Amino acid sequence: MTSTFKRCLLAATLGVSIPALMATAGIAQEGSTIIVAQGVDAYSMDPAKHSNFPTANILFQLYDGLVTQDENGEIVPALATEWSNPDELTWRFKLRQGVKFHNGEDFNAEAVKASFDRALNPDFKAPYFSRISHIKAVEVVDEYTVDFKTEKPFPTMLLSLYEASFPALIVPPKYAAENDGASIAAKPIGTGPYKFVEWLKDEHVVLEANPDYWGGKPAIEKVVFRPIAETRTRIAELTSGGVDIVVDVPPEDMASLDGGDTKIVTVSSDSLYFLSFDTTRDTPLKDKRVRQAINHAIDVDAIQQALLNGMGTRTALTLPTNGFAYDSSWQPYEYSPEKAKALLAEAGYPDGFEIPFISRKGRYMKDAEIVEATAGFLSKVGIKANIQYLEAGVWGQISEQKGREGIAFPGWSGRDPQLVWAPLLTTGQYQSYYSNPELDELLQAGASTIDTEARKEIYAKAAAIIKEEAPHVPMIQPPLIYGLNANLTWTPRSDGMIDLRKAHF
Amino acid sequence: MANFLISRLLYTVLVLFGVSVAVFFLIRIGGDPSALFLPPEASLEEIERFRALMGFDRPLVVQYFDFLGRAVQGDFGMSLRYNQPAMQLVLDRMPATLQLGGAALLLSLIISLPLAIIAAAKRDSIFDRASLLISIIGQSFPAFWLAIMLILLFSENLRLLPPSGRGTWAHLVMPAIVLATYSTAIITRLLRSSMIEALSSDYVRTARGKGVRESTIILSHALRNAAIPTLTVIGLQVGALLGGAVITEEVFAYPGVGRLAIQAIANRDFTVVQAFVLLMAALIVMINLLVDLSYGFLDPRLRKRK
């Protein structure tokens, strides 16, 4: 039944004429205003004082980092125009000249140094401290040149300095120090394309275009962010013309929103869906043949097709396909229950075994459904996975005690092996349930090499080990699904950050 | 009366103390917020460092008395997420919740009082049937489902009302209806049965025998006697409307205290949860006190007993 027909039927039932209803219909706000609906409100307007993605989406319209990400996912200049490595322990940035903060303060090397000194100070208690903690010192070379010093070579520096590394956004030093930081936390001032207007807690954040933006005045005059937690309500706001962008549209709602006054845009995210095996405890999962068998047993393509409408990107290893050193020639284990059974028999489990399977529910799109489907595939080769869903806090507690026994569906994101494999596969790391000295050595080498070609070679070797040893079942980079006003042109980003700089009607 | 007030005050202190113990320890059972607050790749050392920085590593009893000591001086601590005083965050959102709760209560009284009175006066009439239907439907509809159905109908199909937010009266309509549904059902049912009981009592028969007008009998004699149990329930409902609007506020993205509280619970933002629960407990105790006091005005016998 089409929605128009439903509306007719409803109107007829109520004895009201359709034109009368249409007259009162909400009219999509166009031209000068864009309204974005996310799940939660901002927690703070200070970029270094929060740890929340929706907050970061708002602040990214107000502030800039030294570098940013372009449409292709490449790191490109923002407040810095170029960079180099004078030595292995130094990242030198040339800064953009003539940029001013919204309050007229000058953007220069001092502002960069002050922004990082502030967030790196332990007393400041920056929640995302760990993203920038490798930076030992920021030194002013001249007014528009800064050096970032590290203790060890730090190849992923640029990913620590772009907007998804929250405390890396540059704040005006004088203003940020006012009232012990309370001023900037309530009324933000940055160099960004939009200026702050108003923040009504849990209602909306209103921003207006900055005519003097160094990247050119944005096309849309006014931006409003509204927190709407309930998915159905967000969709109702979109269809009734109350908002122009909604995040996290469920796959099953795509068809009904893609047409008429609304449309759907999607992108494969940098996030990773995968299964992690606990190889530290004495279970069948200690045997690499069992781990390979499980890789063969799960039809990931079918899961992707059935639960994600075929969206997202299948990954061969636990690394996003747009990540550093990802090689498109890598292949995942093929789906073959026969091979799985043969490997299980070889390992001494011809009749399978029982194993715990833990996950959170509602943390990621379709997580529980994917876990259920996976358990279904496992049961076909005789493995009985006992699913247990944990509340987020409990999950954290168990993780801290290294207590993720059996199989886990943890979720992760990161665009460099150093940000994915190092924490998840290095011996003894708190999120790692695997140990292999040879792999440790390679990951260590990758972490301390600046040269990109040399790093790629290192990670190619690491990838071969990871494929053979199968500590994970790599699955999918899930899609990000946005519902849009049909007249709006805006491109979503794989890292989930909302950038309205180039949006227009 | 003085004795009564003093004993009630002591009782209030005891209740708030009990609530503070319960909320303090219950919210901490699921672990502290450090791991949720820091980025996923934070190392164990970083989590420990942060925990020590925030004082979460101290024994719970020490933390509790630290909290209690500050709370009695009006300092409920800083919110971890918002980095602002926790009680201020809750109080900032009170006007929105009071507005919604007030609208819902008004709506529910406007419907339930006349309906229940007419239903009792004209038993088995169409009004009586309607009151029964409303009671059953109102009590059995889950708020969440009702809210989504209203949004589908009035926002998506008819496009008459905004599905979310706050600002105009139109924003209040759907959340108020959802919130009022349950209270309307409860109050209607209770008042109807109390009225029926009162109307079949001896004094009503006597009044009728004396030739008093039926409307006077219903509104002045019977209603006054039937009002006491209803008032108790209305008092309870006021508490429920203030503290129990969580789902309604969440679905309609209404910026009230309920939504703040549910996010704080998910984030383990302890101080905000504590401030919310204690404020609500204090409000409910106060409402109960007001209800108790109002009995005296309705029934002189209860006044003397005190």
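Sequences listed follow chains R and W, in order. When the letters of the first sequence are read in order and numbered with the working numbering, they come out as residues 6 to 510. When the letters of the second sequence are read in order and numbered with the working numbering, they come out as residues 1185 to 1490. From the three backbone atoms N, C-alpha and C, an ideal C-beta is built for every residue, glycine too. Keep in mind it's a predicted model, so treat the numbers as computed, not measured.
Residues that residue i contacts on chain W, provided the C-beta gap is smaller than 7 angstroms
{"i": "Gly-4 (chain R)", "result": "One cannot answer for residue 4 (chain R) here, as it falls past the ends of chain R, which runs 6 to 510."}
{"i": "Ile-233 (chain R)", "result": "Ser-1348 and Ala-1437"}
{"i": "Arg-521 (chain R)", "result": "Not covered by the structure: residue 521 (chain R). The range shown for chain R is 6 to 510."}
{"i": "Lys-130 (chain R)", "result": "Leu-1237"}
{"i": "Pro-428 (chain R)", "result": "Glu-1225"}
{"i": "Glu-208 (chain R)", "result": "Gly-1349, Arg-1350 and Pro-1439"}
{"i": "Ser-56 (chain R)", "result": "Phe-1221, Leu-1222 and Pro-1223"}
{"i": "Ser-49 (chain R)", "result": "Tyr-1266 and Asn-1267"}
Distance between residue j and residue i (C-alpha atoms, nearest Å)
{"i": "Tyr-487 (chain R)", "j": "Leu-1275 (chain W)", "result": "34 angstroms"}
{"i": "Met-6 (chain R)", "j": "Ile-363 (chain R)", "result": "Confidence at Met-6 (chain R) is low in this model, with a pLDDT of 38, below 50, so its placement is unreliable and the value that follows should be read with caution. Rounded to whole angstroms, Met-6 (chain R) to Ile-363 (chain R) spans 40 angstroms at the Cα level."}
{"i": "Trp-96 (chain R)", "j": "Thr-155 (chain R)", "result": "8 angstroms"}
{"i": "Val-151 (chain R)", "j": "Gln-297 (chain R)", "result": "48 angstroms"}
{"i": "Ile-1431 (chain W)", "j": "Leu-1356 (chain W)", "result": "15 angstroms"}
{"i": "Glu-87 (chain R)", "j": "Met-162 (chain R)", "result": "14 angstroms"}
{"i": "Ala-1360 (chain W)", "j": "Ala-1206 (chain W)", "result": "31 angstroms"}
{"i": "Asn-1409 (chain W)", "j": "Asp-1483 (chain W)", "result": "8 angstroms"}
{"i": "Val-1362 (chain W)", "j": "Ser-333 (chain R)", "result": "53 angstroms"}
{"i": "Ser-1204 (chain W)", "j": "Val-81 (chain R)", "result": "52 angstroms"}
{"i": "Met-1271 (chain W)", "j": "Glu-1225 (chain W)", "result": "32 angstroms"}
{"i": "Ile-1310 (chain W)", "j": "Val-305 (chain R)", "result": "60 angstroms"}
{"i": "Leu-1425 (chain W)", "j": "Pro-1279 (chain W)", "result": "13 angstroms"}
{"i": "Ala-28 (chain R)", "j": "Val-211 (chain R)", "result": "Model confidence at Ala-28 (chain R) stands at a pLDDT of 34, short of 50, so the residue's coordinates are unreliable; what they give is reported in the following sentence. Distance between the alpha carbons of Ala-28 (chain R) and Val-211 (chain R) is about 28 angstroms."}
{"i": "Ile-303 (chain R)", "j": "Gly-387 (chain R)", "result": "12 angstroms"}
{"i": "Leu-1194 (chain W)", "j": "Val-1441 (chain W)", "result": "27 angstroms"}
{"i": "Ala-390 (chain R)", "j": "Glu-377 (chain R)", "result": "9 angstroms"}
{"i": "Ala-350 (chain R)", "j": "Glu-343 (chain R)", "result": "11 angstroms"}
{"i": "Lys-472 (chain R)", "j": "Ala-169 (chain R)", "result": "29 angstroms"}
{"i": "Ala-1499 (chain W)", "j": "Arg-1277 (chain W)", "result": "Absent from the model: residue 1499 (chain W). The displayed extent of chain W is 1185 to 1490, so no value can be given."}
{"i": "Ile-189 (chain R)", "j": "Asp-287 (chain R)", "result": "52 angstroms"}
{"i": "Leu-1222 (chain W)", "j": "Ile-1318 (chain W)", "result": "49 angstroms"}
Bridge partners - residue i, DSSP secondary structure assignment
{"i": "Thr-73 (chain R)", "result": "R:Val-81"}
{"i": "Glu-208 (chain R)", "result": "Beta-bridge pairing links Glu-208 (chain R) to no other residue."}
{"i": "Ala-190 (chain R)", "result": "Ala-190 (chain R) pairs with nothing; no bridge assigned."}
{"i": "His-509 (chain R)", "result": "R:Thr-494"}
{"i": "Tyr-487 (chain R)", "result": "R:Val-270"}
{"i": "Lys-154 (chain R)", "result": "R:Thr-95 and R:Ala-142"}
{"i": "Lys-389 (chain R)", "result": "R:Glu-359"}
{"i": "Ser-89 (chain R)", "result": "R:Arg-97"}
{"i": "Asp-147 (chain R)", "result": "R:Thr-150"}
{"i": "Gln-434 (chain R)", "result": "None; Gln-434 (chain R) has no bridge partner."}
{"i": "Tyr-199 (chain R)", "result": "R:Ala-214"}
{"i": "Pro-479 (chain R)", "result": "R:Phe-279"}
Partner residues on chain W for residue i, Cβ-Cβ distance less than 8 angstroms
{"i": "Trp-417 (chain R)", "result": "Pro-1224"}
{"i": "Thr-267 (chain R)", "result": "By Cβ distance, chain W contributes nothing, its closest Cβ being about 11 angstroms from Thr-267 (chain R), past 8 angstroms."}
{"i": "Glu-396 (chain R)", "result": "Gly-1214"}
Nearest-angstrom beta carbon gap, residue j and residue i [assumed within contact, 8 angstroms]
{"i": "Ser-273 (chain R)", "j": "Gly-317 (chain R)", "result": "5 angstroms"}
{"i": "Gly-411 (chain R)", "j": "Pro-355 (chain R)", "result": "Actually they are not in contact, since the Cβ atoms of Gly-411 (chain R) and Pro-355 (chain R) sit about 20 angstroms apart, beyond 8 angstroms."}
{"i": "Ala-467 (chain R)", "j": "Leu-280 (chain R)", "result": "Their Cβ separation, rounded to whole angstroms, is 19 angstroms, which puts Ala-467 (chain R) and Leu-280 (chain R) out of contact at 8 angstroms."}
{"i": "Ile-194 (chain R)", "j": "Phe-106 (chain R)", "result": "5 angstroms"}
{"i": "Asp-263 (chain R)", "j": "Ile-269 (chain R)", "result": "4 angstroms"}
{"i": "Arg-1242 (chain W)", "j": "Ser-1315 (chain W)", "result": "That pair is no contact at about 56 angstroms."}
{"i": "Phe-1208 (chain W)", "j": "Tyr-1248 (chain W)", "result": "5 angstroms"}
{"i": "Asp-266 (chain R)", "j": "Ile-240 (chain R)", "result": "Going by Cβ atoms, the distance from Asp-266 (chain R) to Ile-240 (chain R) rounds to 12 angstroms, so no, they are not a contact pair."}
{"i": "Thr-320 (chain R)", "j": "Leu-383 (chain R)", "result": "Actually they do not touch by this definition, with Cβ atoms about 20 angstroms apart."}
Chain-ordered neighbours of residue i on chain R, where CB pairs are closer than 9 angstroms
{"i": "Ile-1371 (chain W)", "result": "The premise fails here: Ile-1371 (chain W) is roughly 28 angstroms from chain R at the closest Cβ pair, so nothing lies under 9 angstroms."}
{"i": "Ser-1339 (chain W)", "result": "Gly-31, Thr-238, Ala-241, Glu-242, Thr-244, Ser-245 and Gly-247"}
Chain-ordered chain R contacts of residue i [CB-CB under 7 angstroms]
{"i": "Ser-1367 (chain W)", "result": "Within 7 angstroms Cβ-Cβ: nothing; Ser-1367 (chain W) doesn't reach chain R, min ~22 angstroms."}
{"i": "Ile-1231 (chain W)", "result": "Glu-405"}
{"i": "Gln-1447 (chain W)", "result": "Val-45"}
{"i": "Glu-1434 (chain W)", "result": "Ala-234 and Glu-235"}
Residue-level contact to chain A via CB, residue i, 9 angstroms cutoff
{"i": "Leu-1273 (chain W)", "result": "No chain A appears in the structure shown, which is made up of the protein chains R and W."}
Chain-ordered neighbours of residue i on chain W, where CB pairs are closer than 9 angstroms
{"i": "Arg-296 (chain R)", "result": "The premise fails here: Arg-296 (chain R) is roughly 23 angstroms from chain W at the closest Cβ pair, so nothing lies under 9 angstroms."}
Chain R contact residues for residue i, given Cβ-Cβ distances below 8 angstroms
{"i": "Leu-1210 (chain W)", "result": "Going along chain R, no residue has its Cβ under 8 angstroms from Leu-1210 (chain W), so there is no contact; the nearest lies around 12 angstroms."}
What are the complete beta strand (DSSP E) segments, minimum 3 residues, inside the stretch 401 to 427 of chain R? 412 to 414
Those runs of the alpha helix (DSSP H) which lie wholly inside the stretch 1403 to 1468 of chain W and span at least 4 residues: 1407 to 1427, 1430 to 1435 and 1441 to 1451
Unbroken beta strand (DSSP E) runs of length 3 or more, entirely within the stretch 215 to 299 of chain R: which are they? 227 to 232, 267 to 273 and 276 to 282
List in chain order: all unbroken alpha helix (DSSP H) runs of 4+ residues lying wholly within the stretch 303 to 366 of chain R. 305 to 312 and 342 to 351
Going along the chain, which unbroken runs of the alpha helix (DSSP H) with 4 or more residues stay wholly within the stretch 1360 to 1404 of chain W? 1386 to 1394
For the stretch 1321 to 1347 of chain W, list the alpha helix (DSSP H) runs that are entirely contained and at least 4 residues long, ordered along the chain. 1327 to 1334
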